[in-house]
Amino acid sequence: MSWTTAPVLQNTLPLTSSTLNPTHLLSTLPITFASAPDGKFALKAHYPKGSYTLTREPKGGISFYASGPVNVDLSVAKEVTFGYSVYFDEGFEWQKGGKLPGLYGGDSPTESVDCSGGSRSSRCFSVRLMWRAEGTGELYTYLPPYTEPQFSANQVQCGIPPFSTCNPTYGASVGRGAFFFQSGQWNVVSQRVRLNDVGVANGELELYVAGQSVIKVMGLILRDSEEGRIRGIQMQTFFGGSEEDFASPKDQDAYFADFTMAITEML
28 MSWTTAPVLQ NTLPLTSSTL NPTHLLSTLP ITFASAPDGK FALKAHYPKG SYTLTREPKG
88 GISFYASGPV NVDLSVAKEV TFGYSVYFDE GFEWQKGGKL PGLYGGDSPT ESVDCSGGSR
148 SSRCFSVRLM WRAEGTGELY TYLPPYTEPQ FSANQVQCGI PPFSTCNPTY GASVGRGAFF
208 FQSGQWNVVS QRVRLNDVGV ANGELELYVA GQSVIKVMGL ILRDSEEGRI RGIQMQTFFG
268 GSEEDFASPK DQDAYFADFT MAITEML
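Mapping of the sequence shown onto my numbering: residues 28 to 294, in sequence order.
What follows is the structure, encoded as structure tokens:
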């Protein structure tokens, strides 16, 4: 089962709210569609000067969760691949970093949205992307905490080259510097998330950039019960970081298109 909004693929769906099927929308950041600088129709994120995080004014970016079309039920998937294209304005000023969309999951639709913003749980996970200074790319994960004995295997993500770092409060930076985002052009990224068998540390994360694998993490525990499932897209982008030195230095925009989701293995 799969779906896509990429015009170059078959059976393309329109890039609309009804296709994405959003929930938990941050009402102060409405969903906006617009043409990117090259004319491509896209989901637009605006980052006002001074914006950072989702809790301070001025607010910028995008924040909602998306399950996608109802006929593609991710909760039956053992492995999912999700991809999109992102275009940052020419001359985009990266500052210290910002969040980008990725997959999320958990033991229930309600519990699965509890893994971000410094909130951590053994009953959910999220696998977003981040840009850092100068466009440095990474995976940014909230996984069941490796500080708990049953999830100790998840510490493997803290040692992925070229640089990774974990902390007990916020997400883990995984594989920072394995790739770089470019401004003024489309960056094509996709991620593969494979659930572990319950009681076995065999979950996997992999990130592809322009079709090439750049980060791979194996031996993970993303769930400890059969209720743990992949739920959808954590469609978030914003500057931050929770500190003011992450703030966008100017008004600037990013555009997202070519969303593609495929179930590559069933439970």
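Glycine is no exception: its CB is placed at the ideal position from the N, C-alpha and C atoms.
Quick check: residue i and residue j, are their CB atoms within less than 8 Å of each other?
i	j	result
Glu264	Gly162	Position check: residue 264 holds Thr in this sequence, whereas Glu was assumed. Their beta carbons are not under 8 Å apart, which means Thr264 does not touch Gly162 by this criterion.
Lys123	Ala160	yes
Val154	Leu294	no
Gly132	Phe109	no
Val113	Asn48	no
Ser149	Pro171	yes
Leu130	Gln218	yes
Glu165	Ser135	no
Just the C-alpha distance for residue i and residue j, rounded to the nearest angstrom, thanks.
i	j	result
Tyr169	Pro195	10 Å
Phe206	Tyr167	14 Å
Val227	Gly246	8 Å
Arg203	Leu156	10 Å
Asn214	Tyr173	32 Å
Ser90	Ser139	15 Å
Gly268	Leu53	18 Å
Phe286	Ala69	10 Å
Lys277	Glu120	8 Å
Ala63	Tyr235	23 Å
Lys86	Gly198	21 Å
Glu270	Ser210	24 Å
Phe208	Tyr79	19 Å
Leu56	Phe115	18 Å
Ser94	Val244	24 Å
Ser29	Met288	5 Å
Cys185	Tyr111	26 Å
Asn229	Gly66	43 Å
With DSSP collapsed to three states, give me the class of residue i.
i	result
Gly186	helix
Asn229	coil
Asn214	strand
Pro176	helix
Glu138	helix
Leu81	coil
Ser102	helix
Phe119	coil
Phe273	helix
Which residues mark the beginning and the end of the alpha helix (DSSP H) in which residue i is found?
i	result
Thr163	That residue, Thr163, is in no alpha helix (DSSP H); it is neither H nor E in DSSP.
Thr46	Ser44 to Leu47
Could you spell out the range, first to last residue, of the beta strand (DSSP E) harbouring residue i?
i	result
Thr31	Ser29 to Thr31
Gln279	Gln279 to Met293
Arg258	Arg256 to Phe266
Ile89	Ile89 to Ala93
Ser240	Gln239 to Leu247
Pro128	Gly124 to Gly133
Tyr74	Phe68 to Tyr74
Phe60	Phe60 to Ser62
Using a Cβ distance threshold of 8 Å, determine whether the stretch 178-187 contacts the stretch 243-261, with at least three qualifying pairs required.
The stretch 178-187 vs the stretch 243-261: in contact.
Per the contact definition of three or more C-beta pairs closer than 8 Å, is the stretch 278-286 in contact with the stretch 235-246?
No: the two stretches stay apart, fewer than three of their Cβ pairs being nearer than 8 Å.
Can we say the stretch 35-44 touches the stretch 74-84, given the rule of at least three CB pairs closer than 8 Å?
Touching, no, given that fewer than three Cβ pairs across the two stretches are closer than 8 Å.
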